[in-house]
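For the sequence shown, counting from 1, position 19 maps to 18 in numbering that gives the first Met the number 0; every step adds exactly one.
We treat Cβ as the ideally placed atom computed from N, Cα and C, and that holds for glycine.
Being a predicted model, the structure only gives us computed values, none of them experimental.
What follows is a set of notes on a single structure, which appears directly below.
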Amino acid sequence: MGNEYSGTFITIEGIDGSGKSTVLDRLNEHYDYVHTMREPSDSGVRESIIQSLQSDQRSPLLTFFMFMTDRVKNIEFMIEPVLESGGVIISDRYADSTRAYQTVDLSGEGAPFDTQEDARNFIEMSMEPWLIEPDVTFYIDIDVDTALDRCEKDVAYENRRFLTDVKRNYDALAESEERIVRLDGNRSVKNITSAIHGRLDIPEPDHL
Ligand code: ADP
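Rendered as structure tokens:
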């Protein structure tokens, strides 16, 4: 594992309902010294993003920049300080969510790009100069129907067509990025949490 910092940055990714927050809560209970966070983060921006995703009149470009506002704040005030001090930070969602979701959103209805390829280039170009990439990313892989059965379906992204495209992007990222470890989301929460633990370079707690 290695970024330019002495600390370790881990992300958990997957479509809505894949089980990310459940697994993060489980990890949180057992690792006192590990910092955890989620995106969008618990700040005013999270409320604005959720409101925007629930609104009938929505701007995908505005959504993208709200996510980026949140990202800058998270990197500068949470991720970087922990990594500089040699700590471990685990995030529920991060840049791969931007890659998987915003590529679809920014090339969909009312969006500025005609193709996912154009949207992808814009996203990579926007993030590249300032992004800290994770050391390792756990992708909880689950089929769209199972995920939708588990979701509340109250925001714009939680529908079959959208999530099918998002999952395709996650699958492609997992194929191309060595840092991404794919985990079977149909397994139990305990099983997935242990699999994550098995890949971490930190002492094992007594019970997961
Ligand atoms: P996400 O954060 O990825 O959107 P959640 O962690 O909120 O997903 O999980 C969505 C729902 O699925 C919750 O009700 C949760 O209890 C359930 N769930 C999560 N992981 C599993 C699992 N491995 N097996 C069965 N149900 C799960």
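### Message
Are the CB atoms of Ala-110 and Ser-17 within a distance shorter than 8 Å?
### Response
no
#### Entry: Beta-carbon gap between Leu-182 and Ile-89 smaller than 8 Å
Taking 8 Å as the Cβ cut-off, Leu-182 and Ile-89 do not qualify as a contacting pair.
### Query
CA-CA distance, Gly-13 and Glu-79?
23 Å
### Query
Which same chain residues, not among the five before or five after Met-65, have their C-beta less than 8 Å away from its C-beta?
Pro-39, Val-44, Ser-47, Ile-48 and Ser-51
### Task
Specify whether the segment 99 to 117 and the segment 69 to 86 touch according to this definition: at least 3 beta carbon pairs, one from each stretch, less than 8 Å apart.
Taking 8 Å as the limit for Cβ pairs, the verdict is that the segment 69 to 86 does not touch the segment 99 to 117.
#### Entry: Beta-carbon gap between Ile-122 and Thr-163 smaller than 8 Å
no
### Task
Using the Cα positions of Phe-112 and Asp-55, report the straight-line distance between them to the nearest angstrom.
20 Å
### Pro-59 classed as buried or exposed, judged by whether at least 16 other C-beta atoms fall within 10 angstroms
Pro-59 is buried by the Cβ-count criterion.
#### Entry: Residue range of the beta strand (DSSP E) that includes Tyr-138
135 to 140
### Task
Determine the direct distance from the alpha carbon of Val-103 to that of Tyr-30, and round the result to whole angstroms.
35 Å
### Query
Hey, Lys-72 and Ser-42: beta-carbon distance below 8 Å or not?
Cβ atoms of Lys-72 and Ser-42: closer than 8 Å.
### Query
Going by C-alpha distance, which of Asp-15, Glu-132 and Asp-91 is nearest Thr-35?
Asp-91
### Exposed unless 16 or more other CB atoms sit within 10 angstroms - verdict on Ser-84
In summary, Ser-84 is exposed, with fewer than 16 beta-carbon neighbours lying within 10 Å of its beta-carbon over all protein chains present.
### Message
Output needed for Asp-170: all residues of its chain with C-beta closer than 8 Å, excluding positions within five of it in sequence on either side, in chain order.
### Response
Asp-140
### Message
Is any non-hydrogen atom of the ligand ADP found closer than 7 Å to the C-beta of Ser-187, if you look at the structure I gave you?
### Response
Within the cutoff, so yes.
### Message
Do Ala-99 and Leu-172 have their beta-carbon atoms positioned less than 8 Å apart in this structure?
### Response
yes
### Query
Skipping 5 residues on each side, what residues in its chain have a beta carbon closer than 7 Å to that of Leu-130?
Ala-94
### Message
Quick check on Arg-45: does DSSP put it in helix, strand or coil?
### Response
Arg-45 falls in the helix class under three-state DSSP.
### Message
Suppose contacts are defined by Cβ-Cβ distances below 8 Å. Is Arg-25 in contact with Thr-136 by that definition?
### Response
Against a cut-off of 8 Å, the Cβ pair of Thr-136 and Arg-25 comes out as no contact.
### Task
Provide the residue span of the alpha helix (DSSP H) that contains Ser-193, from first to last.
188 to 198
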